[in-house]
Every structure is written in structure tokens, then in C-alpha cells.
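Since the structure comes first, as C-alpha cells, the remarks are kept for the end.
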């Protein structure tokens, strides 16, 4: 006869076996497309949609989701880089102005921009330096990658300049992992621990060709 302890252990083992591995435990998915001088089309991973870039002379992004389903996304500074989420539901742009810009494609096949995650990443860097707020432009943000299922995005927030609005006590940059549906930060690491935890993330120029 199985003891109560044995039954409990068996149940716990079964639950653990069935529990999904958190998406952030897998290596992040990186990769992006440069937006430069020439026009271009950036297909979503599913192939169902495209972001159409007008080129340096017309740096407008448009979302195409099939016949007669095209809408204006917005204008970007160049050079920039665009990255689709693996589930094709979102994409971000890193621009030379130091801004991470995130769009979500809604049920009407329109891209809606939100700065919730960008603001949360900046606020976390401020908090770790003991600052209440900083002037616009002191912190640069950039997307670094996605979880394999597209449910989380990796965003870097880094001190760009110092104008006296914050003393910046030594934490120069952080990487946050954010739930894209809620905007909540599920993990934050400073630069060196982040490099060790996610060695595949790129720390180079976010707009390089």
C-alpha cells in the first residue's frame, strides 16, 4: 500500500511534469531588419502580414494584412531596425533617437503603439539609482529580443547623458523582461548579470546595418 507521503510525491511530480516551462527560461529570439535608405518590406514570421517601409525619403511604416487591408503605422527616424515577435502579433522598432517603440496588431489588422513597457524600463533604471524622474532624453531604450513564443520582450534601458536631473549612482543600464500583454516587468538584471544570463543578446549599436 502506498503511503500518504508517496502519493503526495507522485502527485507533485506529475504536476511538475505537466507544468509548462516559463518562456523566459529559453534563450531569447533575436534578429531584426535594418530600415535605411532604400524602401523595403518586412514579412511577419507567419507570412500573413508585412510592414512596408517607404525608405529614407519617406520613412513611413505601413501594415499590410492582405488585399485592401493596409494602414499607416507611423513615421520613424532612420537608420532604424525592426523586429517582429515570433507569434507575429507585435513588432518593435529601435530608432537612432534612443527609443524602443512597440506596436501590437489588433483584431482589425491595425498596429497600435504603446510606450508602457518603455516607460516601465526607464522607471526601473531610475528606481535603482534612487531617482524620482529624469529629463526626457537622459535614458535610451532599445529592444533586444523576444521569448520564443512572443509573450515577452527584452528591453534595455541605459543612461545616455547626465544633465543633473539624476545623480546616477552607478547603475548605468538594465535589461528588463516584460510581459507584452500586461506590460508588467517579470525580471530585471543589471548589465553584467544580464550578459551572463542571456549571452546571445547583442549589446552593439541598435541601428547598425
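In mature numbering (1 follows the signal peptide of the UniProt record, and there is no 0), the protein residues as written are -16 to -1, 1 to 193. All C-beta atoms, glycine included, are put in the ideal place defined by N, C-alpha and C.
Please tell me whether residue i and residue j are closer than 8 Å, where the distance is taken between their beta carbons.
| i | j | result |
| --- | --- | --- |
| residue 50 | residue 44 | no |
| residue 88 | residue 96 | yes |
| residue 143 | residue 152 | yes |
| residue 162 | residue 124 | no |
| residue 150 | residue 190 | no |
| residue 128 | residue 186 | yes |
Just how far apart, CA to CA, sit residue i and residue j?
| i | j | result |
| --- | --- | --- |
| residue 21 | residue 170 | 37 Å |
| residue 6 | residue 116 | Unreliable placement is indicated for residue 6, whose pLDDT of 45 sits below 50; no coordinate value is reported for it. |
| residue 165 | residue 94 | 16 Å |
| residue 183 | residue 175 | 11 Å |
| residue 195 | residue 55 | Only positions -16 to 193 of the chain appear in this structure, which leaves residue 195 out of reach. |
| residue 79 | residue 59 | 11 Å |
| residue 180 | residue 64 | 27 Å |
| residue 139 | residue 107 | 13 Å |
| residue 168 | residue 101 | 8 Å |
Less than 7 Å between the CB of residue i and some heavy atom of the ligand COA, yes or no?
| i | result |
| --- | --- |
| residue 32 | The ligand COA is absent from the structure shown, which contains no ligands of any kind. |
Please classify residue i: is it buried, with 16 or more other beta-carbons within 10 angstroms of its beta-carbon, or exposed?
| i | result |
| --- | --- |
| residue 131 | buried |
| residue 137 | buried |
| residue 19 | buried |
| residue 12 | buried |
| residue 15 | exposed |
| residue 172 | buried |
| residue -13 | Interpretation of residue -13 is limited by its pLDDT of 42, a score under 50 that renders its predicted location unreliable; the figure taken from the coordinates is listed afterwards. Under this definition residue -13 is an exposed residue. |
| residue 178 | buried |
| residue 121 | exposed |
| residue 148 | exposed |
| residue 188 | exposed |
| residue 41 | exposed |
| residue 92 | exposed |
Open item on the list: Three Cβ pairs or more, each shorter than 8 Å: is that satisfied between the segment 22 to 33 and the segment 59 to 77?
Closed with: yes
- [ ] Examine the Cβ distances between the segment 109 to 116 and the segment 80 to 97 and report whether three or more of them are shorter than 8 Å.
- [x] no
- [ ] With a floor of 4 residues, list each alpha helix (DSSP H) that falls wholly inside the segment 86 to 138, ordered by position along the chain.
- [x] 100 to 112
- [ ] Any chance you could list the beta strand (DSSP E) runs of at least 3 consecutive residues sitting entirely within the segment 51 to 91, in chain order?
- [x] Fully enclosed beta strand (DSSP E) runs of 3 or longer: 54 to 59, 64 to 68, 74 to 78, 84 to 89.
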